[in-house]
Amino acid sequence: MMQAYIDQTADYVRKQLANAEAGHDWWHILRVWNNVKLLLQHETADRITCELAALLHDIADSKFHDGDETIGPQMAGEFLSKIGVEASTVQHVQNIIFNMSYKASLGDVTFYSKELEIVQDADRLDAMGAIGIARAFHYGGFKNRELYNPNIPPVAHHDKESYKNTTAPTLNHFYEKLLLLKDKMNTQAARTIAKQRHEFMEQFLSRFYDEWEGNN
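Residues 151 to 366 (the numbering used here) make up the sequence shown, in order.
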């Protein structure tokens, strides 16, 4: 029965995100789901909760719903209840979705669980390395942002609203989030992977600045 819940959820999410922005589409979900399964090889947690949360974590990302952070958990809860998932698991998945994002960490987070840590790590890993670079520039293009502007320096976001409302060039996002993720991983397995992806992003940035300045 547990596998049936996962299979039904994967099918639902795949259809729901068929036309989503490429950084937050089914392929992103699949990568995060695979990351979760990888981390679960090294961590002890409730597998069904982790996998369902990974599958549903971007079912209605607030960035594409006028900043409303309640739609995603609500949709996830309604779907899981409809297919018969136990109420306590539904609530746990909703709590993970509501609290796992980077912007959520800039506010008051009062919910913690091992499952949250694993799904959060899995999602953050997909924001790093080669995939993270591709996603960052794709979303920047989606929002019609500059690639880089040396006259607009990165800023440290200390609250959710500041982070949510930024319109800075895409390269600033590396300093305002992506390069910070390595030290925010919860699990040892994720920290090991994050170190490699972090180094790749640093190499990319070094090459980017060289090419920007014509130092080839």
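Virtual Cβ for every residue (Gly too), placed ideally from N, Cα, C. Quick caveat: nothing in here was measured; it's all calculated off a predicted structure.
Reference residue i, options the options, closest by Cα
{"i": "A154", "options": "A195, E201, N185", "result": "E201"}
{"i": "L167", "options": "K232, D208, Q244", "result": "D208"}
{"i": "I302", "options": "L330, E236, L266, Y325", "result": "Y325"}
{"i": "R274", "options": "N185, N365, N366, L230", "result": "N185"}
{"i": "N299", "options": "P319, T337, N315", "result": "P319"}
{"i": "W362", "options": "K332, L321, Q338, H348", "result": "L321"}
{"i": "E265", "options": "T239, Y162, M225, I283", "result": "T239"}
{"i": "F229", "options": "N366, V163, N169", "result": "V163"}
{"i": "K165", "options": "K293, A210, Q241, S231", "result": "A210"}
{"i": "E219", "options": "I283, D161, S263, Y252", "result": "Y252"}
{"i": "A195", "options": "Q338, D161, S263, K293", "result": "S263"}
{"i": "L147", "options": "I179, M152, S255", "result": "Any property of residue 147 remains undetermined from this structure, which presents the chain solely from 151 to 366."}
Inter-residue Cα distance where the pair is residue i and residue j
{"i": "A340", "j": "F287", "result": "23 angstroms"}
{"i": "G222", "j": "T199", "result": "16 angstroms"}
{"i": "A306", "j": "H323", "result": "10 angstroms"}
{"i": "L156", "j": "A204", "result": "One point to set straight first is that residue 156 is Ile, not Leu, in the sequence displayed. Cα to Cα, I156 sits roughly 10 angstroms from A204."}
{"i": "T342", "j": "L328", "result": "16 angstroms"}
{"i": "G257", "j": "K334", "result": "15 angstroms"}
{"i": "N315", "j": "L297", "result": "17 angstroms"}
{"i": "Y359", "j": "E349", "result": "16 angstroms"}
{"i": "F354", "j": "K213", "result": "26 angstroms"}
{"i": "W183", "j": "P304", "result": "31 angstroms"}
{"i": "K187", "j": "Q241", "result": "21 angstroms"}
{"i": "I233", "j": "M225", "result": "13 angstroms"}
{"i": "Q346", "j": "E352", "result": "10 angstroms"}
{"i": "R197", "j": "K293", "result": "36 angstroms"}
{"i": "D161", "j": "I283", "result": "28 angstroms"}
{"i": "M152", "j": "G291", "result": "39 angstroms"}
{"i": "E236", "j": "I179", "result": "23 angstroms"}
{"i": "N169", "j": "G227", "result": "22 angstroms"}
Short Cβ contact (8 angstroms threshold) for residue i with residue j
{"i": "A344", "j": "M278", "result": "yes"}
{"i": "Y369", "j": "E193", "result": "The structure shown does not extend to residue 369, since the chain is modelled only from 151 to 366, so the question has no answer here."}
{"i": "L190", "j": "I268", "result": "yes"}
{"i": "L206", "j": "T260", "result": "no"}
{"i": "D276", "j": "R181", "result": "yes"}
{"i": "R295", "j": "T317", "result": "yes"}
{"i": "N366", "j": "D271", "result": "no"}
First through last residue of the alpha helix (DSSP H) which encompasses residue i
{"i": "R357", "result": "338-362"}
{"i": "P303", "result": "Run containing P303: none; DSSP gives neither H nor E here."}
{"i": "H323", "result": "320-326"}
{"i": "E289", "result": "Looking at the sequence provided, one finds Tyr at residue 289 rather than Glu. It spans 279-292 - the alpha helix (DSSP H) in which Y289 sits, taken as one unbroken run."}
{"i": "M250", "result": "Careful: M250 lies outside any alpha helix (DSSP H) and carries neither H nor E."}
{"i": "H178", "result": "176-189"}
{"i": "G222", "result": "221-232"}
{"i": "V163", "result": "152-166"}
Residue i at chain C interface by Cβ criterion, 8 angstroms
{"i": "I283", "result": "In the structure shown, chain C cannot be found, because there is only a single protein chain."}
Handout entry: Validate contact between the stretch 159-179 and the stretch 246-261 using beta carbons, cut 8 angstroms, 3 pairs
Key = no
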